[in-house]
Structures are given as structure tokens and as C-alpha cells.
Amino acid sequence: MASSRGTFSNKFGFIAAAAGSAVGLGNIWKFPFEVGNGGGSAFLIVYLLFCFVLCYPILVTEIAIGRKSQKSAPLAFKPLGHPKWSIIGILGVFCAVIILSFYNIVAGWVLGYFVEMLLGNFEIGNHFNEYVNDIAEVGGYTIAFLLATAYIVSQGVTKGIEKFSKILMPLLIVIILLLTIYALTLDSAMEGITFYLVPDFSKLNLNVIYRALGQSFFSLSLGLGALMTYGSYLSKKENIVSAGAIITIVDVGIAFLAGLMIFPFVFSQGIEPEGGAGLIFMTMPGIFQTMGPTLGAIIGSLFFLLLSFAALTSTISLLELPVAYMVDKHKIKRKNAVWYSSAIILLLGIPSMLGNGYSEFFTNFITYVGAEKPVNFMDFVTDIASNTLLPFGGLMVSIFAIYAWKRVNLFEELSQGNAKFPNTFLAKYIGFSLKYIAPPVLGTIFIITVLEIFFGVKII
Ligand code: TRP
């Protein structure tokens, strides 16, 4: 059965694809500016805790559900005997479409910056706000990016996804490492590192916790079934527990490195760490400029090119959700499913594109009850989809695994390709987290933050 749906050729192929999904703009664009907004180290610590304590067990569970059922997310629950839970997967498809609608746009900025760096236009860093409002240009790059994603997804899993991830991921890691070393030699390195790493718990508040939680799910591609779909293409011989650990460590490691790279740069450029969504776009060009015109253009364009590819391996996994759903459930041809989904995603992205100053309405889109400032459309959508619905999806997955599917069945699947699993420390850790940590923590944060952020009801 698996072979007719396409499978990953081996464990490395799966890890490269899943880590490719996880590592993307979330690590290098979103993580640094969330850290900047969240007061630096306070955000980092909460984020790390969430990744390892909560997310890793959920990540393993998502992959196990997918592999056991051999189905993409919304259809994965029926073969396990729980058709009603399909709602989690449908919510996931919906979420994936929303996330893609803005993700593509940021990927379009990255692609545009690749060209600007190639041309040696380092000044662009000072004109980020004008750049994102050049709708014709940004729109063009966004469409180009979406077409690239659509093309790869229409080719199917084994041919498209795996091939790209295997080559480009390692290259990206190398360039970030080199840039991090460069960052650490700058005079401002200490200032950046202090902001990033020296704990300051006075900055900790509910908003920081809410955003760190959303970021941990977003970065690990969790909570909407992306990894269920990938798991459905994974062979029974492979060890999910160790593959999941590698994926988590690689993803967190790259985000951590990105922070180590960017904060010395931010301080050396005299930019505010609270720069928001423009942080890397305002910071990096000036850094490349300091390398001189030729080297700067080479390193700068390489950086944004590799970042585009990292984004591409993530958008592929997001687009795969609605596509796999349409193909599996409604028997629509893969190519058609790709074009329908892409068209919807493009349309849904328009308000996000216009919300960076171009349209007053989408720029000051909504002021949450009790908040001081309005947020723009992209931030609003991020709050709904990634900060709220992804952790909610994770909550549902943990409840499903323990109370509906049951721990014995989960553990049986996790023992495939890992016979000793039930007696290991990790088995206890995963079982404990899914039952005693994930539901209460995720449930509490969900209720408190929804009430406070969207309804202005202060509980703590
Ligand atoms: N994790 C990706 C990033 O960090 C984004 C992403 C890809 C994603 N697939 C996902 C987020 C599924 C949530 C769910 O850039």
C-alpha cells in the first residue's frame, strides 16, 4: 500500500525531508524577531523548554499516527478506529493554508533580497519598509515562489521533496555557521550575546509564554498534521523515536545558531532588537556590506538563496497538506489539487501583503481588547493560526494518543524498527509528557491566552 503512495527511500531521506519541513523561515526569520520582541533570553529559555518537554513527544506521536494509518492527516484517524477525530486533521489543513498565505510572501521578500544582494544593493536594508510596499515587485516574487512550491509538490513526494532537502539543508547549516563565527568576532558580540543568553526573568510574562509556545510548534512543523503526512510515507523499518530526536535537535539547533548570528549583528548595526518582522531584512544587508562589494554580494546572495531553499522545503510540506487531503479524500488529480490550493493561498495572502503600510485597513487591522496598538493582518493571522491553533492541535493530538488511540497502540507503533523502545527512558518520558504535561499545560495556556488576548479577560 505504501509503495503506491510513494515512500521515502531511507531514513536519511525521511529525516532530511522532515527536518527540511521544520527548518525554514521559522528558524531564521521568525525566531530572531520573536526573541527580540520577547526580551531576548527570557523568550529563549521558555522556547527551549517547550521544544524538548512538550513538542518532542508530540512530534513523535504525529509521525507514529501517520505511519500506522498510512494516510494523510485528516484521514489518518479513521483507520485507527476513531473517525470523529478527523476534525483535528481538517483543522490542520485549514491552518496550513492560512500559514502558507503569509509564509509565501515572506519567502518572496527573501527571493527579492537574493537578487538585490547579487546586484550589490546593500542599501536595501535601510529601505525595508518601502521595499515590502512595492506590491508589484513583492507580488511577483511571491507568485514565483508559490509556483516553485506548486511544481515540486505536483511531482509527488519521493521525486520532489526528498531530493531538494538532502543537498540544500547541509549547505545552509554551513553558511549560518560561518556567519555566526563572523558575528562573534565583532565588537558588539558581547552586547548581542548578553541580550540573547543572559537570563532576565523580569521580561517574562504571559505574552512571552504564548508566543514562545506558538513559535515552538511553528518551528517544528507541529500541530497540523504535516508530520503525520510525512510519517505515512515512512517505512516500518525506521526508528521514529531517534529520527524525531534528530529532527528536533537539528531544528532547535539551527534556530539557536540563527540567534547567535543575528544579535551581534543587530547591535553592531544599531538596530532595535524589537524590529519585528523586518529584523533580518534590516540587519543582514549592512553586514554583507562590511565584507566589501564582491565578497558581500557573494555571501549575501548565497545567504538569501539558501534561505529561499529552506523556505521551499517548508512550503512544500505545508502545501502537501491540502493536496494530500484532496487526493486521498476526494480523488482529485494531484496536479489539479496543487493548482486549486495554490490559487486559494495566493488570494488569501493579499491582505497580508497589503498590511505592511500599503493599505491602512490591513495595516491597522485589529486592536485586541485592552491592547495599546493595533496589529496588522499578518500578525493577526499568525496569532490565530500559529500561536493559537497549532498548540491547540498539539493538545488534541496528545489527548487523542492517550485517551482514544491509547498508549499501548502508540508504543507498539513506536516499537516498529525500535524493538527495545518500551523499556527505555524515552518511552517513560514520552508517555509521561503526553499524559501529564501536554494536556494540562497546553489546555491552560490555550484558555488563558485566548481569553486574555482575544477577549481582554485578565486571569493572571
Ligand atoms: N516549520 C517551518 C518553519 O519553521 C514552517 C512550517 C512548515 C510549518 N510546515 C509546517 C509550521 C507545518 C507549522 C506546521 O519555517
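Residue numbering for the sequence shown follows the working numbering, beginning at -11 and increasing consecutively. For each residue, glycine too, the CB sits at the ideal point set by N, CA and C. These figures come from a predicted structure and were not determined experimentally.
- Message: Is L47 close to the ligand TRP? I mean its beta-carbon at under 6 Å from any heavy atom of the ligand.
- Response: Here residue 47 corresponds to residue number 59 of the sequence shown, with the count starting at 1. Outside the cutoff, so no.
- Task: Quickly, what does DSSP pair I354 with across the bridge? List them, please.
- Result: Counting from one through the sequence shown, the residue named residue 354 turns up at place 366. According to the DSSP secondary-structure assignment, I354 is paired through a beta bridge with V363.
- Message: Going by DSSP, what residue range makes up the alpha helix (DSSP H) through F253?
- Response: Numbered from 1 along the sequence shown, position 265 holds the residue referred to as residue 253. Here the alpha helix (DSSP H) through F253 covers I228 to S256.
- Determine the burial state of K321: buried for a count of at least 16 other Cβ atoms within 10 Å of its Cβ, exposed for fewer. Start at 1 with the first residue of the sequence shown, and residue 321 comes out as number 333. Residue environment analysis places K321 among the exposed positions, since fewer than 16 neighbouring C-beta atoms fall within 10 angstroms of its C-beta.
- Message: To test your reading of the DSSP string, which unbroken beta strand (DSSP E) runs of 3 or more residues are found completely within the stretch 0 to 32?
- Response: Annotation: the stretch 0 to 32 contains no complete segment of the beta strand (DSSP E) (minimum length 3 residues).
- Task: May I have the straight-line CA-CA distance separating E400 from K56, to the nearest angstrom?
- Result: In the sequence shown, counting from the first residue as 1, residue 400 sits at position 412. In the sequence shown, counting from the first residue as 1, residue 56 sits at position 68. Distance from the CA of E400 to the CA of K56, rounded to the nearest whole angstrom, comes to 10 Å.
- Message: Taking the straight line between their C-alpha atoms, what separation do you get for L106 and S403?
- Response: On the sequence shown, position 118 is the one that residue 106 refers to. On the sequence shown, position 415 is the one that residue 403 refers to. So the two alpha carbons sit approximately 49 Å from each other.
- Could you pull out every unbroken alpha helix (DSSP H) segment of at least 4 residues lying fully inside the stretch 118 to 145, listed in chain order? Correct list: 123 to 142.
- Message: I'd like to know whether the C-beta atoms of S330 and A177 end up nearer to each other than 7 Å.
- Response: The residue labelled residue 330 in the question sits at position 342 within the sequence shown. The residue labelled residue 177 in the question sits at position 189 within the sequence shown. With contacts defined as CB atoms closer than 7 Å, S330 and A177 fail to qualify as a contacting pair.
- Task: Work out the CA separation of P281 and I441 for me, nearest whole Å.
- Result: Sequence index remark: in the sequence shown, residue 441 carries index 453 (1-based). Sequence index remark: in the sequence shown, residue 281 carries index 293 (1-based). Looking at the two C-alpha atoms, the distance is approximately 46 Å.
- Skipping 5 residues on each side, what residues in its chain have a beta carbon closer than 6 Å to that of L99? By one-based count along the sequence shown, residue 99 stands at place 111. Excluding sequence positions up to five before and after L99, its CB lies within less than 6 Å of the CB of Y129, F133 and S296, all in the same chain and listed in chain order.
- Please name the residue, chosen from F82, P428, L68 and A6, that lies closest to A389 on a Cα-to-Cα basis. Along the sequence shown, one-based indexing puts residue 389 at 401. Among F82, P428, L68 and A6, the Cα nearest to that of A389 belongs to L68.
- With 16 other CB atoms within 10 Å as the buried threshold, where does E111 fall? One-based indexing of the sequence shown puts residue 111 at position 123. Looking at its Cβ environment, which holds fewer than 16 other Cβ atoms inside 10 Å, E111 is exposed.
- Item | At least 3 beta-carbon pairs within less than 8 Å: the stretch 229 to 249 vs the stretch 78 to 98 | Cβ pair count under 8 Å is below three, so no.
- Task: Mark P310 as exposed unless 16 or more other C-beta atoms lie within 10 angstroms of its C-beta, in which case mark it buried.
- Result: For the purposes of this step, residue 310 is taken as residue 322 along the sequence shown, with counting starting at 1. Buried, by the Cβ-count rule.
- Any heavy atom of the ligand TRP within a distance shorter than 6 Å of the CB on G28? Along the sequence shown, read from residue 1 onward, the residue named residue 28 stands at position 40. False, no ligand heavy atom lies under 6 Å from that Cβ.
- Item | Neighbour-count burial assignment, Y313, 16 or more Cβ in a 10 Å radius | Reading the sequence shown from its first residue, position 325 is the one you call residue 313. Within a 10 Å sphere around the beta-carbon of Y313 sit 16 or more other beta-carbons, which makes this residue buried.
- Query: How is the alpha helix (DSSP H) around C83 delimited, first residue to last?
  - Reply: Position 95 of the sequence shown holds residue 83. Looking at the DSSP string, the run of the alpha helix (DSSP H) that includes C83 is S74 to L106.
- Message: I want to check one thing, is the minimum distance from the CB of S207 to the heavy atoms of the ligand TRP below 6 Å?
- Response: For this step, residue 207 is matched to residue 219 along the sequence shown. Checking the Cβ of S207 against the ligand TRP gives yes.
- Query: When the distance is taken between beta carbons, is P362 closer than 7 Å to L430?
  - Reply: Numbered from its first residue, the sequence shown carries residue 430 at position 442. Numbered from its first residue, the sequence shown carries residue 362 at position 374. In this structure, L430 sits away from P362, with a CB-CB distance that is not shorter than 7 Å.
- Query: Taking all protein chains shown into account, do 16 or more other C-beta atoms lie within 10 angstroms of the C-beta of I76, making it buried, or fewer, making it exposed?
  - Reply: Mapped onto the sequence shown, residue 76 falls at position 88. Result: buried.
- Query: Is G343 near the ligand TRP, judged by its Cβ being under 6 Å from some heavy atom?
  - Reply: Within the sequence shown, the letter at position 355 stands for residue 343. Because no heavy atom of the ligand TRP lies under 6 Å away, the Cβ of G343 does not count as near it: no.
- Alpha carbon to alpha carbon, what distance is there between T217 and A7? Looking up residue 7 in the sequence shown gives position 19. Looking up residue 217 in the sequence shown gives position 229. When rounded, the distance between both Cα atoms is 14 Å.
- Query: Between E94 and L210, is the Cβ-Cβ spacing less than 7 Å?
  - Reply: As a first step, residue 94 must be located in the sequence shown, where it is residue number 106. As a first step, residue 210 must be located in the sequence shown, where it is residue number 222. Note that residue 94 is Val in the sequence shown here, rather than Glu. No, they are not a contact pair.
- What residue from G241, G274 and I242 has the CA that sits closest to Q257's CA? Numbered from 1 along the sequence shown, position 269 holds the residue referred to as residue 257. Nearest of G241, G274 and I242 to Q257, Cα basis: G274.
- Cβ atoms of I433 and L201: under 7 Å apart, would you say? Translated into the one-based positions of the sequence shown, residue 201 becomes position 213. Translated into the one-based positions of the sequence shown, residue 433 becomes position 445. For L201 and I433, yes; Cβs fall inside 7 Å.
- Message: Is A214 a contact residue of the ligand TRP, with contact defined as CB to any heavy atom under 6 Å?
- Response: Against the sequence shown, residue 214 aligns to sequence position 226. Answer for A214: yes, Cβ within range of the ligand TRP.
- Message: Let's test the definition: count the other Cβ atoms within 10 Å of the Cβ of K18 and tell me whether it reaches 16, buried, or not, exposed.
- Response: Here residue 18 refers to the residue found at position 30 when the sequence shown is read from its first residue. By the C-beta density criterion, K18 is buried, having at least 16 other C-beta atoms within 10 angstroms.
- Starting from the Cα of R199, find the closest Cα among E308, V445 and T437 and give me that residue. For the purposes of this step, residue 199 is taken as the residue at position 211 of the sequence shown. Selected option, being the one with the closest Cα: T437.
- Have a look at N352 and G343 and give me their C-alpha separation to the nearest angstrom. Within the sequence shown, the letter at position 364 stands for residue 352. Within the sequence shown, the letter at position 355 stands for residue 343. So the alpha carbons of these two residues sit roughly 8 Å apart.
- Short check: CB of F21 to CB of G247, under 7 Å? Mapped onto the sequence shown, residue 21 falls at position 33. Mapped onto the sequence shown, residue 247 falls at position 259. Judged by their CB atoms, F21 and G247 are not nearer to each other than the 7 Å cut-off.
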